[in-house]
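>
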Amino acid sequence: MELFDLAPVKYTDDKMLILDQTLLPGKEVYIEMQTKEDVWDAIYRLKVRGAPAIGVAAAYGLYIAIKDLPASDYNVEIFGAVLGETAEYLASARPTAVNLSWALNRMVKAFDAAKPDTAEKAKRILFDEAEAIRREDEEACYAMGKYGLSLLKPGMGILTHCNAGTIATAKYGTCLAPVYLGQQQGYDFRVFADETRPLLQGARLTAWELQKAGVDVTLICDNMASIVMKNGWIDAVVVGCDRMAANGDGANKIGTSGVAILAKEYGIPFYMFVPTSTIDLSTPTGNDICIELRDGAEIGSMWYAHPMAPAGIKTYNPAFDVTSAEYITAVVTEKGIVRPPYKENLKKVMTR
Numbered sequence: 011m012e013l014f015d016l017a018p019v020k021y022t023d024d025k026m027l028i029l030d031q032t033l034l035p036g037k038e039v040y041i042e043m044q045t046k047e048d049v050w051d052a053i054y055r056l057k058v059r060g061a062p063a064i065g066v067a068a069a070y071g072l073y074i075a076i077k078d079l080p081a082s083d084y085n086v087e088i089f090g091a092v093l094g095e096t097a098e099y100l101a102s103a104r105p106t107a108v109n110l111s112w113a114l115n116r117m118v119k120a121f122d123a124a125k126p127d128t129a130e131k132a133k134r135i136l137f138d139e140a141e142a143i144r145r146e147d148e149e150a151c152y153a154m155g156k157y158g159l160s161l162l163k164p165g166m167g168i169l170t171h172c173n174a175g176t177i178a179t180a181k182y183g184t185c186l187a188p189v190y191l192g193q194q195q196g197y198d199f200r201v202f203a204d205e206t207r208p209l210l211q212g213a214r215l216t217a218w219e220l221q222k223a224g225v226d227v228t229l230i231c232d233n234m235a236s237i238v239m240k241n242g243w244i245d246a247v248v249v250g251c252d253r254m255a256a257n258g259d260g261a262n263k264i265g266t267s268g269v270a271i272l273a274k275e276y277g278i279p280f281y282m283f284v285p286t287s288t289i290d291l292s293t294p295t296g297n298d299i300c301i302e303l304r305d306g307a308e309i310g311s312m313w314y315a316h317p318m319a320p321a322g323i324k325t326y327n328p329a330f331d332v333t334s335a336e337y338i339t340a341v342v343t344e345k346g347i348v349r350p351p352y353k354e355n356l357k358k359v360m361t362r
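So in our numbering, the last one in the sequence shown is 362, and the numbering has no gaps at all.
Quick look at the structure:
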């Protein structure tokens with residue numbers, strides 16, 4: 011396939027479409043978002059997922075929610091109030107990924123700053139801002155790819171967890187961007203993709219998109235990360251991030267922190283790819299990040315013809331864990347590579 015044909019969110023012919031990632035890899039289906047409830051459900055149910063893609067979906071989703079409001083009785087205060095309420099509603103879909111609230115706040119601020127005097131102008135401002143969010147994410151991911159590639163060498167074995175590829179962003183991906191750029195330049199990376207239980211984003215999504223792009227990819231269970239490291243097959247670990255605290259602690263898909271601890275034990279660099287929109291300087295440490303808890307059915311019955319756990323068993327199903335800054339070798343942003351001490355250097359990169 012053309013490397014970046016796929017896009018998780020599209021706006022075309024005045025329609026917002028999302029690639030339903032819950033159907034992958036079996037079916038590639040785009041579904042239309044017509045209401046704010048459609049968008050909320052798509053984000054909550056992981057039809058669209060990955061912090062940057064969620065931000066893009068939220069921005070277009072906010073526009074979708076207000077584009078059909080009547081123009082004849084337009085009032086800037088009333089319109090602004092409806093906009094704020096809708097943004098708050100969409101933000102409740104998934105609390106951990108900071109890009110969701112970041113994109114919605116940016117949309118509202120664009121409206122507040124312009125104070126448009128007609129509904130037509132208001133809607134144009136919001137649509138243009140959503141377009142800008144998508145375009146800027148593409149540019150950021152490409153830049154992260156170039157910076158990330160500078161940390162890697164041809165022929166390396168690379169381990170990744172969850173999915174931070176092109177279908178988790180507007181385009182290119184975050185931690186997989188250097189893999190794709192390296193593929194174009196003949197780096198011949200060997201990628202090992204953790205399956206990433208319980209929702210199998212690594213198996214269903216990462217392995218799928220890397221294989222479609224012609225990358226040498228091997229799927230492993232999460233609990234096989236240690237043995238492939240011990241075998242000497244892994245030269246670097248690359249992962250994405252859903253929220254990074256001011257001290258460099260990073261929240262990512264559940265299981266990421268364990269991979270980081272293993273990488274340090276085996277002396278393998280661990281790189282976290284973090285768009286600056288995902289860095290939350292208002293959150294002091296990882297202990298202050300709200301971790302989303304999900305339905306236990308995802309563990310015991312979701313992927314099975316018959317339940318594979320005892321009826322009534324208690325479950326604990328956090329969607330994310332937090333990797334302590336001490337385990338992160340470097341943070342790759344679209345503005346450059348950040349190294350410890352993160353508390354000082356993250357502030358610096360945010361002001362570039």
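Built from N, CA and C at the ideal position, the CB exists for glycine as well.
Which value, in whole angstroms, describes the spacing of the CA atoms of A321 and A307?
Within the sequence shown, the letter at position 311 stands for residue 321. Within the sequence shown, the letter at position 297 stands for residue 307. Answer to the nearest angstrom: the Cα atoms are 11 Å apart.
> Span of the alpha helix (DSSP H) holding D24?
Your numbering for residue 24 matches position 14 in the sequence shown. Counting along the chain, D24 falls outside any alpha helix (DSSP H), and DSSP gives it neither H nor E.
> Among K358, E344, T286 and A223, which residue has its Cα nearest to the Cα of Y152?
Working through the sequence shown from its first residue, we reach residue 152 at position 142. Nearest option by C-alpha distance: E344.
> Return yes when the Cβ of D232 is within less than 8 Å of the Cβ of D259, no when it is not.
What you label residue 259 is simply residue 249 of the sequence shown in a count that begins at 1. What you label residue 232 is simply residue 222 of the sequence shown in a count that begins at 1. Against a cut-off of 8 Å, the Cβ pair of D232 and D259 comes out as no contact.
> Cβ of G250 within 7 Å of any heavy atom in the ligand MG?
For the structure depicted, the ligand MG is absent and the ligand set is empty, with no information on it obtainable.
> When DSSP labels each residue in this structure, what does E54 get in the three-state scheme?
Within the sequence shown, the letter at position 44 stands for residue 54. At residue 54 the sequence reads Tyr, which differs from the Glu that was named. Helix.
> What distance in whole Å lies between the Cβ atoms of V225 and S247, which are believed to be in contact at a cut-off of 8 Å?
Counting from one through the sequence shown, the residue named residue 247 turns up at place 237. Counting from one through the sequence shown, the residue named residue 225 turns up at place 215. Residue 247 is actually Val in this sequence, not Ser. At roughly 16 Å, the Cβ-Cβ gap does not stay under 8 Å, so V247 and V225 are not in contact.
> Nearest-angstrom Cα distance between Q193 and L159?
Stepping through the sequence shown from its first residue, residue 193 is reached at position 183. Stepping through the sequence shown from its first residue, residue 159 is reached at position 149. Roughly 11 Å separates the two Cα atoms.
> Return the Cβ separation of I74 and M26 in integer angstroms, given the expectation that the two are a contact with Cβ distance under 8 Å.
Locating residue 74 in the sequence shown gives position 64, counting from the first residue. Locating residue 26 in the sequence shown gives position 16, counting from the first residue. Rounded, the Cβ-Cβ distance is 5 Å, consistent with contact.
> Figure out for me which residue from W218, E139 and Y54 has the closest Cα to the Cα of V66.
Start at 1 with the first residue of the sequence shown, and residue 66 comes out as number 56. Of the listed residues, the one whose Cα sits closest to V66 is E139.
> Taking the C-alpha atoms as reference points, what is the distance between V348 and R214?
Looking up residue 348 in the sequence shown gives position 338. Looking up residue 214 in the sequence shown gives position 204. Computed Cα separation, rounded: 31 Å.
> Grab the span of the beta strand (DSSP E) containing D204 for me, first residue to last.
Along the sequence shown, one-based indexing puts residue 204 at 194. Note, D204: beta strand (DSSP E), R200 to D204.
> Are there 16 or more other CB atoms within 10 angstroms of the CB of C251, so buried, or fewer, so exposed?
On the sequence shown, residue 251 is found 241 positions in, with the first residue counted as 1. By the neighbour-count rule (16 or more Cβ atoms within 10 Å), C251 is buried.
> Assuming A261 is part of the beta strand (DSSP E), what are its boundary residues?
Numbered from its first residue, the sequence shown carries residue 261 at position 251. Per DSSP, A261 belongs to the beta strand (DSSP E) from G260 to K263.
> Taking W50 as the reference, give the member of P208, E146, F137 and P105 with the closest Cα.
Numbered from 1 along the sequence shown, position 40 holds the residue referred to as residue 50. Selected option, being the one with the closest Cα: P105.
> Quick one: what does DSSP say A180 is sitting in, helix, strand or coil?
For the purposes of this step, residue 180 is identified with residue 170 of the sequence shown, where counting begins at 1. It is coil, neither helix nor strand.
> Leaving aside the five residues before and after T286 along the sequence, list all residues of the same chain whose C-beta is less than 8 Å from its C-beta, in chain order.
The count along the sequence shown starts at 1 and reaches residue 286 at position 276. Contacts found: A150, T343, E344, K345, V359 and M360.
> Among I338, I88 and D290, which has the Cα closest to the Cα of I271?
The residue labelled residue 271 in the question sits at position 261 within the sequence shown. Looking at the Cα atoms, I338 is the closest of the given residues.
> Do A97 and V118 have their C-beta atoms within less than 8 Å of each other?
Taking the first residue of the sequence shown as position 1, residue 97 is located at position 87. Taking the first residue of the sequence shown as position 1, residue 118 is located at position 108. Yes; because the gap between Cβ atoms is below 8 Å, this pair is in contact.
> Is it buried or exposed, T128, if we count other Cβ atoms within 10 angstroms and call 16 or more buried?
Numbered from 1 along the sequence shown, position 118 holds the residue referred to as residue 128. Classification of T128: exposed, given that the 10 Å Cβ count is below 16.
> Short of 7 Å in beta carbon distance, which residues of its chain neighbour T325, apart from the five on each side in sequence? Order them along the chain.
Counted from its first residue, the sequence shown places residue 325 at position 315. G306, I309 and G310, listed in sequence order.
> Name the residue from A180, A335 and D298 whose alpha carbon lies nearest to the alpha carbon of I28.
Here the question's residue 28 lines up with position 18 in the sequence shown. Checked all of A180, A335 and D298; the closest Cα to I28 is A180.
> When DSSP labels each residue in this structure, what does Y314 get in the three-state scheme?
To locate residue 314, count along the sequence shown from 1; it is residue 304. Residue state, collapsed to three classes: coil.
> Tell me the rounded alpha-carbon separation between L169 and S334.
Start at 1 with the first residue of the sequence shown, and residue 169 comes out as number 159. Start at 1 with the first residue of the sequence shown, and residue 334 comes out as number 324. Approximately 19 Å between the Cα atoms of the pair.
> Judging by CA-CA distance, which residue of P208, A124 and G90 is the nearest neighbour of W313?
If you number the sequence shown from 1, residue 313 lands on position 303. Among P208, A124 and G90, the Cα nearest to that of W313 belongs to P208.
> Measure the Cβ-Cβ separation of P294 and A255 and say whether it is below 8 Å.
Sequence index remark: in the sequence shown, residue 294 carries index 284 (1-based). Sequence index remark: in the sequence shown, residue 255 carries index 245 (1-based). Closer than 8 Å, so yes.
> With DSSP collapsed to three states, give me the class of R207.
By one-based count along the sequence shown, residue 207 stands at place 197. Of the three classes helix, strand and coil, the one that applies to R207 here is coil, per DSSP.
> With a 10 Å radius around its C-beta and 16 neighbouring C-beta atoms as the bar for buried, classify E219 as buried or exposed.
Sequence index remark: in the sequence shown, residue 219 carries index 209 (1-based). The residue in question, E219, is buried, as its Cβ has 16 or more Cβ neighbours within 10 Å.
> Short check: CB of M239 to CB of A273, under 8 Å?
By 1-based counting over the sequence shown, the position of residue 239 is 229. By 1-based counting over the sequence shown, the position of residue 273 is 263. Going by C-beta atoms, M239 is nearer than 8 Å to A273.
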